[in-house]
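A.B. asks:
Protein chains in written order, with this note's numbering: chain A, 1 to 284; chain B, 1 to 395.
1) Could you name the residues that DSSP lists as bridge partners for residue 325(B)?
2) Could you tell me whether the region 66-83 of chain B touches the region 36-51 of chain B, where touching means 3 or more Cβ pairs closer than 8 Å?
3) Measuring only between beta-carbons, confirm whether residue 210(B) sits less than 7 Å from chain A.
4) Nearest chain A C-beta to residue 197(B) closer than 7 Å, yes or no?
5) Looking only at its own chain, which residues have a Cβ that is under 6 Å from the Cβ of residue 116(B), when we skip the five neighbours before and after it?
6) Report the three-state DSSP secondary structure of residue 207(B) (helix, strand or coil).
7) Distance check for residue 206(A) and residue 19(A), CA to CA, integer angstroms please.
8) Taking only beta-carbon positions, decide if residue 10(A) is within less than 7 Å of chain B.
9) Which residues, in chain order, does the region 78-99 of chain A contribute to contact with chain B at a C-beta distance below 8 Å?
10) Please go through the same chain and pick out, in chain order, the residues whose beta-carbon is closer than 6 Å to the beta-carbon of residue 125(A), but skip the five residues on each side of it.
11) Since residue 137(B) and residue 328(B) should fall inside the 8 Å C-beta cutoff, what is the C-beta to C-beta distance between them, to a whole number of angstroms?
12) What did DSSP end up calling residue 396(B) once you bin it into helix, strand or coil?
13) Under 7 Å, CB to CB, which of the residues in the region 35-54 of chain B have a partner in chain A?
14) When you check each C-beta in the region 215-249 of chain B against every C-beta of chain A, which residues fall closer than 7 Å?
15) What are the residues of the region 236-256 of chain A that lie near chain B, defined by any Cβ-Cβ distance shorter than 8 Å?
16) On the premise that residue 350(B) lies in contact with residue 388(B), defined as a C-beta separation below 8 Å, what is that separation, rounded to the nearest angstrom?
17) Below 7 Å on C-beta distance, what does residue 201(B) contact in chain A?
18) Would you please verify whether the beta carbon of residue 122(A) is less than 7 Å from any beta carbon of chain B?
19) Quick check on DSSP: helix, strand or coil for residue 76(B)?
20) So what does DSSP say about residue 366(B), is it helix, strand or coil?
21) Residue 218(B) lies in the beta strand (DSSP E); which residues open and close that run?
22) Under 7 Å between the Cβ atoms of residue 338(B) and residue 308(B)?
23) DSSP state of residue 274(A), grouped into three classes?
24) In terms of alpha-carbon separation, which member of 211(A), 148(A), 251(A) lies closest to residue 209(B)?
25) Roughly how far, in whole angstroms, is the beta-carbon of residue 66(A) from the beta-carbon of residue 228(A), given that I think they are within contact range, below 8 Å?
26) Listed in chain order, which residues of the region 162-173 of chain B have Cβ atoms closer than 8 Å to some Cβ of chain A?
27) Of all the options 202(A), 87(A), 55(A), 37(A), which has the alpha carbon lying nearest to the alpha carbon of residue 21(A)?
28) If you measure from the beta carbon of residue 114(A) to each beta carbon in chain B, is any gap under 7 Å?
29) Checking contacts by CB at 7 Å: is residue 207(B) closer than that to chain A?
30) Residues in the same chain with beta-carbon distance under 6 Å from residue 313(B), minus the five sequence neighbours each way, listed in chain order, please.
31) Counting only beta-carbon atoms, is residue 76(B) nearer than 7 Å to chain A?
32) Note down, in chain order, every chain B residue with its Cβ under 7 Å from the Cβ of residue 6(A).
33) Identify every residue that forms a DSSP beta bridge with residue 267(B).
34) What residue range does the beta strand (DSSP E) around residue 191(B) cover?
35) Just to confirm, are residue 394(B) and residue 267(B) a CB contact at a threshold of 7 Å?
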């Protein structure tokens, strides 16, 4: 019984980190058709910036806010100065972000070095608690809570606000939104920055769990792409379902067949795509 | 540093039959030494330490080994076996290096060994899987995996533990590590009740720790790099009380700052720790600290020893590297005093050097490996070792 409780909770906590990370990826794709290869880099930068700020100030919250704001500004700059020039050119856009992935990885290596580091947890979330008679880390429970909170917030933002309505309209028919006199380039920049900020948040939340090290950007980006593909490109609901699937499968896979752990993530993706080529919640 | 040089020189002189070997001819071209190891990827920091240890000795020695000026050509394996072979071919055939310091990763070492042997290129590497050695052209300046894993499994058995969980990453070094942990533990009277081989690069070790059997009384762990940090932290997060033994790279000194208190209590044995109390090592640590602003770990010592061994061998050949057979013979005969203690190669070209039994403890607020005992001349064979008298293994 404890096996099921622990692995389910583990799966959920990994799923929530993946959700926060891949929500940004899927929104940016849905609105702008940009496959952002550098999304993992925003995760890495978020984690590293938080690490430095927490070490300097001792406050997790300060690290979290600084990291998200800094990466959002970077994202806005990248969109405004580079990607906007390549509007609607999907391949050049992807290649540009791929180049950014390598540059940011090298800059991060230069600034933070090659040794793996863990983002410190907030002191109140250290240690273990008892859930249904099983000892379980408090921080992971907090991550599950944070992930659900972000999910609700995103849903409210997209479904219940004017900005959300504009974004959804932009996803469906960009030309029409433009013709109605809406400043769509501003929405694009804002959404790209928002997506980058979500990736940074993923880095801060996942940092104490998964660690920051050269190559972490590739590792999480791979999982995020699986999540987004399984869930359906452009759908936040899909990213949520995909994250749950990948997080749980990865954990039970690692528990039952540790030697095949990457295989156990890819196989469900293949099966989902074979049955529903648009993903779990994707639109045709 | 002067003391280290004079000690090394004295050792070389006493073992070197021909004094004339020290004669130098000034107009010789530099010796070309290739450095091919992991400079990126999960083992990047470790491979960089190996390179830095080598370069530190070279710098201290006025950029000369055995009296000859040295030119180094540094290449990164990218932690990819195919790239390793390509880079080895470049170094051997295009750069025409005379000697090679080879990879730290056993996966890459295994990939490139046949090529190096065919090229008859004298190579000093750190990759630990025994089968990589050939007893001819390939020398190891770290340790042989089988014997060390055996010892690391033997220790918890001797400490009185009876039921072990073995955890190791699923690649050649990890698999053989798990096998020899088990042999050592069984030889000391224990039984392995659970064996987990996760993928190297597993993002979240929660699922590994979460399935630990409640029956076990000790964990024997083989981890390295970023995986080691994630594993040790995950283990502490779950509030597990299981004592941990195992491969000391799991808690090496580049990782301890990130692991912090989570690493406390880990016990194992290895050939090098920065806390070894000897004049040679104190000097080495001070020099390394001055040059690279961190403590040397075992892979740094291995790189330093490789440079020392080449230096001593070149003294014996009179600075000649063209005759590869003579170079190999000279390397085989070196006797060194290194930061890790006395050093010689056995017939398989594995090092015979001390093993230090250690536990991670907090001393004066610094989390560090504390040495509990020394096995003075550890032979690299997987059989029950003679443990130091009076050694108290933590329970």
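Positions of the beta carbon are idealized from the N, C-alpha and C atoms, including for glycine.
Predicted, not measured: the structure shown is a model, and the values here were computed from it.
C.D. replies: Put simply:
1) Its beta-bridge partners do not exist; DSSP assigns none.
2) yes
3) yes
4) Taking 7 Å as the CB threshold, residue 197(B) lines the interface with chain A.
5) 123
6) Helix.
7) 11 Å
8) yes
9) Against chain B - using a Cβ distance shorter than 8 Å - the region 78-99 of chain A contributes no residues.
10) 138, 139, 142
11) With 8 Å as the limit, residue 137(B) and residue 328(B) qualify as a contact, their Cβ atoms being about 6 Å apart.
12) Nothing about residue 396(B) can be reported from this structure: the residues present for chain B run from 1 to 395 only.
13) Correct list: 40, 41, 42, 44, 45, 48.
14) Listed in sequence order: 225, 226, 229, 230, 233, 237, 238, 239.
15) 250, 251, 252, 254, 255
16) About 21 Å; that fails the 8 Å criterion.
17) 219
18) no
19) strand
20) DSSP places residue 366(B) in strand when its eight states are reduced to three.
21) 218-221
22) Remark: C-beta atoms of residue 338(B) and residue 308(B) approach each other more closely than 7 Å.
23) helix
24) 251(A)
25) The pair is not a contact, with the Cβ atoms about 27 Å apart (cut-off 8 Å).
26) 170
27) 202(A)
28) yes
29) Residue contact check for residue 207(B) against chain A: a CB pair falls below 7 Å.
30) 330, 331, 334
31) no
32) 210
33) 245(B), 359(B)
34) Run containing residue 191(B): 191-196, per the beta strand (DSSP E) assignment.
35) yes
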